[in-house]
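Mapping to my numbering: the sequence shown position 46 is 144, numbers consecutive. Yeah, the Cβ is synthetic: ideal placement off N, Cα and C, and Gly gets one too.
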Amino acid sequence: PDPASAYDFIERANKLSKRFREGGCTLSYHHHSHEFLPLGNGTNAFEMLLDGLDENIRIVPDTYWLLNSGVDIHDTLLRLSGRVSILHLKDMAFSDGKPVFAAVGEGVIDWQSVIRTALGTGIRHFVTEQDDCCGKDPFDCAAAGAEYLRKNFMN
Numbered sequence: 099p100d101p102a103s104a105y106d107f108i109e110r111a112n113k114l115s116k117r118f119r120e121g122g123c124t125l126s127y128h129h130h131s132h133e134f135l136p137l138g139n140g141t142n143a144f145e146m147l148l149d150g151l152d153e154n155i156r157i158v159p160d161t162y163w164l165l166n167s168g169v170d171i172h173d174t175l176l177r178l179s180g181r182v183s184i185l186h187l188k189d190m191a192f193s194d195g196k197p198v199f200a201a202v203g204e205g206v207i208d209w210q211s212v213i214r215t216a217l218g219t220g221i222r223h224f225v226t227e228q229d230d231c232c233g234k235d236p237f238d239c240a241a242a243g244a245e246y247l248r249k250n251f252m253n
């Protein structure tokens, strides 16, 4: 990514957000890790998006992509407080020293503290997803993540 493409995206997203609001809808933005790469202008695309996107555009953070980017999940959730209602839950494991996707509860993320922080910032919707199941059945991964969350967070 480069600053010019980030500015272009911000302009187009803000126009689209206005149209969504006029129709009674809300536009959301889901990041990955490339938004956190330095752009050469002293910032990164994620910072540019936060500064430039209409405050009505909701941010949908993703736990895996935050961790993969080297960004602190808790600090990011706290910083985005009030702008997030949905959090994508995705775990990270390691294979041959490289990060890989894992079903929620089968990786390295401390879900107790992440969920506590998320609830404290007003997040009320949690979506489990997995970009790659690493050879496992996607439905088994979804069921394992849902069961972990049910067992550990639903009383």
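Close CB contacts of N112 within its chain, under the 7 Å cut and outside five residues either way in sequence, are with L151, D152 (chain order).
By the CB criterion at 7 Å, A143 and A104 fall inside the cutoff. The alpha-carbon separation between L135 and D194 amounts to approximately 24 Å. Annotation for R156: the continuous beta strand (DSSP E) segment containing it runs 156-158. With contacts defined by Cβ atoms closer than 7 Å, L164 and T215 do not form a contacting pair. Taking the Cα positions, P197 is about 29 Å away from G220.
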